[in-house]
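Structure first, then comments.
Residue numbers (the numbering used here), protein chains in the order written: chain Y, 1 to 396; chain A, 1 to 317; chain X, 1 to 300; chain V, 1 to 743.
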């Protein structure tokens, strides 16, 4: 009988190819060789980050990338892990149209076992199916749109409460204090989404709601602030990101608004507190995350982050840190269970039960936090420091 | 009425910034018949330049200066902003315009080289400075202090500063163009460059100086804008586009037109979407601000195809 | 309610042998009056020359006749080709009895009515070849649209071929066949003048308006030009309206002359009559025969 | 004399300034929040500034001594030497030499660092990578160009022959060394570095040979190329095609890059015993050789003898060979996929470079035949026929025409058969960035390049096309009537029609505005469309956008095509779109309308006086441009499956204008090249500079292009005549607006 070369070779498989490289370098001296990265016992896996690293939203991406970098650095210091982790980055500029190319460069790298990102909901919707087809697990640290979990992405996960969870919680709290609320969004996917859910919950709670949008590229918030004051609203919600919120806070103070000012997770950062200065004092934030001053792990995270990047952690850095750690744990679990492939890693991510600095995280079948999981906390800018007021449903 | 006046003042504040930037567009358009797309980066450079210079002279830790301190900060900021703006604008002309002029490039090539320059400058600034997360002027004084407060109508310090310095600079420019020798040569080049050259006007120098003047105004506007709001590397883009619209609205190439167009656009943006006279915040809504601005622009241009005051530098009104 | 009146605001008796019938036309720019109460008529088949010193309003008249400017007062009637009915150039938008706004027919409409023109400072399409310049003119009379062009429909190909043949004919007529595939911008001055005439002829005009065709040409070229104008007039049976400074040329080819000064018509008649007219001699012939007419017309 | 000193001083200062700017541009992301001025200190006070100042001084010297060097620069061989040097430097410094995931990056320096100590690689390879002399490849390179340069200066043919030999040695050695690494690493490899280096060295070698064979005469590279391509039309293509065919069969891998690099010789054995069909079996066994020889011989004979009938024969043979190859490739790759060989799940996967190269070679050989077959009879005999003055062929259809045709064939072969050999990343970039924007640029070229109207809101039509698709495929909150439920490709006519209407609607009120007024109004229009898309939540789903736009499907009789996640499928669809649009537009350019556009652009008043209805002509430009954009929008929406208003920002409109002008206004090939280069560049720069800096570099590239080549990359011949731009005197007719014109 003749041999069947094709079947013979096919049996080697992808793993075989990796092993080949490993073998090639095993007899090398320590000073180098082509496969030094993966040689010896220290196998190396890659976790990829996809997000905006250039363009208008680059700061957000950099915050997250830094968080991921810190997690990777800490993992590589941990000798008990049994493997090394590399972080690769892929820039999608936060633009759904540029996301497919960014995703393709991740997918084509065989060593990538999981993805942190994409940072934005739009980019996520554009590429999650591609990652799903490639079997790569995605752990999303910041794409908060309330509908992603319904779109049937196979390998997609999110580690924080989405807009539909965070918004209503904030709205219920506002309704306790004000009957007329001014809801402003920045016309971005995030701002508009979360503001819409806030507004609809407020209406359910019987409040009068005025909704307006102000483009995120605006710098002069004078007219809109004047409008808030004139409307006689007792509270104002801003859905958007920190830098714009800081400008808005200043304009609002200048216009003499005295009511409640509250915003979401996108604003809760040092960019806001330093940018707004005194005008930001007394702003409230809702966030589906733990209090960084209470949880000890979060404290050490803040210290390590500041030491590493010479700047305090900012919006979504902790989430990215947790997302990266979830992936590292999943790789570890997959390794312990036998084989590390994209699909086994994804299986392990599905089984995640992880307590990170932003909270206790596990995933439902749709990839989102299971219903009821993830408390939304209320925070306040107290003299330039962000302080937790605890669970928003209990908060005053 | 109170509301109306408050919105009007907010609009005038916004408009005076537009007008200051629009002057730069208009001046360059006057002499070269080109949109200087990189002018927004001149504005941005003025903001960064004044921020760095003011901070290094006065320091970051100083707060609540007395009135003479405030004046000092203002003068320093305006002059440093103007200086940096002028330098950048001069360099811009030398690098992105003059070589093309010498080669007789088509008109669009200028536009594209200016766009290239704009990308370059804003991203270089981003690379060098944008890691300053605290890109704000320190609170040397309370910018939002109400200077006047008459029956609910209030004007804050920064609004006063912005409107007054804008008006002063515009008057200065108007005088400069109508009454000085440099102004005459600028107008000459604007009217007919070839004839002007025959009359002994050095075209290169005049164009260079036009850029410098426009740059100085843009840089000063950058300081005003930066001290009122914030400073970042792409801060010039939106005000730049709006100021360009304002210049066209008033009649591009026309100095008084730029002033008028800027103020008008600011007021329209502030008043129309909010519509205080109908007492309603729900009339049009601020999410339509830019649409309102552009629709007004289109309407004006449909009835006056060369803007409110018409074209032509020096033939104002 | 608002309607474009097709009838002139002043009713004229029909005159079939008149190409242009201009009555009491006044054109103002801001405060400056460029044409003041000018009336003239142009007979079919004639070469009519309009002369006058710089700033007399000659080019303004041309621009009014071709729809570039809209005179505020007066009327202009046009019947360019043989058998055409008289058509008003100036239209009034009426609202009931009120005349709301006056506008001129668009330049290209007037061209389609059979009026072609050249420009004082040559205005060719320099980046097209000589042939293509003429084809642009010829093709304004064609009908095939962009879709048939994209799909290369047979009728479009036929039209393309016809326009090429016609353009070559015209180039031959003005003596430029050998420069057909050269860029218009690269042609010599005299050649450009002739090319402009060929382009104008391409639109099959009944009347052609030549704005200083001899400016900047040498004596030999002037002679050729005179021949060409006569040839156009006689062979193609095209009426010619001519602005020209060169008196020798004008007197040798024009059938009739109209003299403008300061926007007003001061004389009209045959070359002999004009040469003897004391008002003309005072206003014009005695003063200057300046070639440089840069300041004339619109900027006045 | 003092004026001279002053100029020199100015120049020196400018050069030093440039050095400082370079120092600011190159380096880490600098700046620190607490220490103002850190950025400058890090960039400027660090010793490295000396390097940049040194660059400035060098530049100054180069500029100052240019007059002395200039005579040498026109000598034969200088240009190819420069081109070769540039490509070798790019290959050594910028391009990837390996795609292995185990390397931090795939550049030569990284690869060499690892490879030189890897015992699994033969000593010949290791030597190249610097096991004995570190950086040997750079030394070889410097030696080769130094020798070549010396040969040019002193005109010694011995030196020139030496340079030629050295560059052949360096090129081939590098190529071989790379092959060794590739076979050792045994991982998929799409890197282009070694190949580009080989080409670069070949160019240097040919430059040296030219030097050796000529003596100091002035070189005119353009004329030289014309001579080569005009000598026997199609012959150069025959040479290229034959080389590619040999490369594809004798060198490159045919199957499954990861597991088994099987060359064409091994294919028959590999598939023995599998249910491949008879054709494939014959093909892998002997047919491929027959086809190869036949097409080479026929094409060679046709081009050498310039025989028309042979030319058609060559087209036929090439086409048949191509068809058979593709059929066989499909068959064996499907069989392999059935076996799950090397992770393949469907046909066409795992096919190596060799098979695709052979396909490209067949195409090029057929193209060579086509050039012979379609050679114009004899232009001189027919003086009356007009010569088309399209964007690309002003001069007579002789030599340059042949060059253009040959390039067209090569580009087409590349567009067809290069993408399958590229990485998934580049395939995606090709579809989502390059191809889409090429289509947009081709559309905008109608408006900006041909009709001369500055449109800064072009992306609005792209948005309209995308949203139309979303509407018709039922993914917007507002639902279409039942009978209007369409698949994306069926949405094309609707999108085109709606964009036509939108283009006319935008154009009608605004077209009486001149240049810059039009620019701001169109810009406003673009913004209005975007803001409406955000705010009209009940229609467009606002900022959340439309998700789930289905992928294209075609059901045409027996033909069932369904597009999925693979970017390649979309590439071929897009290629069809682009080719159709370009062909239609080429006809349009040389039609009555195209000339009318040119007339309006050149002189609107004269065009009116010649009877051109300028409003209609401009509206047509707007409408045609808009509908192209709408087509791109349909493609984009169904390709990506998700759209939101972020895709349609002002910046994209500005970028498309930049692409068109960068490429060369009014030239179809220019618009394509401009869009391709400027969308490729940011992705290429991903591997070269920090992500944040990319736009800065792109800005610098655009700026330099406009300074040194204001007419663009591939300028339109028509447009070139307008380079007097600013000096054009506008006469009274345009400048003055008479009192009655106020409306």
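Idealized CB from N, CA, C, for every residue including glycine.
Cut-off 6 Å between Cβ atoms - residues of its own chain near residue i, not counting five sequence neighbours on either side
i	result
residue 402 of chain V	229, 230 and 233
residue 294 of chain V	317
residue 111 of chain V	97 and 98
residue 139 of chain X	163
residue 23 of chain V	43, 49 and 52
Buried versus exposed, by CB contacts within 10 Å (16 or more), residue i
i	result
residue 149 of chain V	buried
residue 298 of chain V	buried
residue 276 of chain V	buried
residue 92 of chain X	buried
residue 385 of chain Y	exposed
residue 20 of chain X	buried
residue 113 of chain V	buried
residue 310 of chain Y	exposed
Sequence-distant residues of its chain with Cβ nearer than 8 Å to residue i (five each side left out)
i	result
residue 80 of chain V	203, 204, 206, 207, 210 and 221
residue 430 of chain V	419, 422, 567 and 571
residue 490 of chain V	472
Any chain C beta carbon closer than 9 Å to residue i
i	result
residue 182 of chain V	Absent from the structure is chain C; the protein chains it does hold are Y, A, X and V.
DSSP beta-bridge partners of residue i
i	result
residue 237 of chain Y	Y:183 and Y:262
residue 83 of chain Y	Y:43
residue 51 of chain X	X:259
Residue i CB to nearest heavy atom of the ligand FAD below 8 Å
i	result
residue 374 of chain Y	Although the ligand FAD was asked about, the structure shown includes no ligands whatsoever.
Sequence-distant residues of its chain with Cβ nearer than 7 Å to residue i (five each side left out)
i	result
residue 86 of chain A	212, 215, 216 and 219
residue 199 of chain Y	183, 209 and 211
residue 171 of chain X	130, 131, 134, 177, 180 and 198
**OP:** For the stretch 658-667 of chain V and the stretch 571-587 of chain V, state whether three or more C-beta atom pairs, one from each stretch, are separated by less than 8 Å.
**Re:** Between the stretch 658-667 of chain V and the stretch 571-587 of chain V there are fewer than three C-beta pairs closer than 8 Å, too few to call the two in contact.
Original post:
For the stretch 584-595 of chain V against the stretch 139-152 of chain X, are there 3 or more C-beta pairs whose distance is under 8 Å?
Top reply: In short, these stretches touch, since the Cβ pair count reaches three.
Original post:
If you pair each beta-carbon of the stretch 56-73 of chain A with each one of the stretch 81-90 of chain A, do three or more pairs fall below 8 Å?
Top reply: Two segments are said to touch when three or more pairs of C-beta atoms, one from each, lie closer than 8 Å; by this definition the stretch 56-73 of chain A does not touch the stretch 81-90 of chain A.
Subject >> Segment contact, 8 Å Cβ cut-off, at least three pairs: the stretch 464-480 of chain V with the stretch 490-510 of chain V >> reply: Segments in contact, yes.
Original post:
Residue ranges of each alpha helix (DSSP H) run of no fewer than 4 residues wholly in the stretch 124-180 of chain A, ordered along the chain?
Top reply: 157-179, all fully within the stretch 124-180 of chain A.
Subject >> alpha helix (DSSP H) segments (min. 4 residues) lying fully within the stretch 87-155 of chain V >> reply: Runs of the alpha helix (DSSP H) inside the stretch 87-155 of chain V: 108-115, 123-129 and 136-154.
Original post:
Counting Cβ pairs closer than 8 Å, one from the stretch 73-85 of chain Y and one from the stretch 52-63 of chain Y, do we hit at least three?
Top reply: No, they do not touch.
Original post:
Just checking, does the stretch 206-215 of chain X make contact with the stretch 237-251 of chain X on the three C-beta pairs under 8 Å criterion?
Top reply: Between the stretch 206-215 of chain X and the stretch 237-251 of chain X, the count of C-beta pairs closer than 8 Å reaches three or more; the two stretches touch.
**OP:** May I have a chain-ordered list of the alpha helix (DSSP H) segments no shorter than 4 residues that lie completely inside the stretch 530-554 of chain V?
**Re:** Considered as a whole, the stretch 530-554 of chain V harbours 537-540 as its complete alpha helix (DSSP H) runs of no fewer than 4 residues, in chain order.
Original post:
Quick one: any contact between the stretch 512-531 of chain V and the stretch 640-653 of chain V, if contact means 3 or more CB pairs under 8 Å?
Top reply: The way I'd put it, the stretch 512-531 of chain V does touch the stretch 640-653 of chain V; three or more beta-carbon pairs between them come closer than 8 Å.
Subject >> Whole runs of the alpha helix (DSSP H) within the stretch 86-148 of chain Y, excluding any shorter than 4 residues >> reply: Inside the stretch 86-148 of chain Y, DSSP marks whole alpha helix (DSSP H) runs of 4 or more residues at positions 99-107 and 121-134, from first to last along the chain.
Original post:
Mind pulling the beta strand (DSSP E) runs of 3 or more residues that sit fully within the stretch 33-71 of chain A?
Top reply: Within the stretch 33-71 of chain A, no beta strand (DSSP E) run of at least 3 residues lies entirely inside it.
**OP:** Enumerate, from N- to C-terminal direction, the unbroken alpha helix (DSSP H) stretches of 4 or more residues contained entirely within the stretch 312-344 of chain Y.
**Re:** Runs of the alpha helix (DSSP H) inside the stretch 312-344 of chain Y: 317-337.
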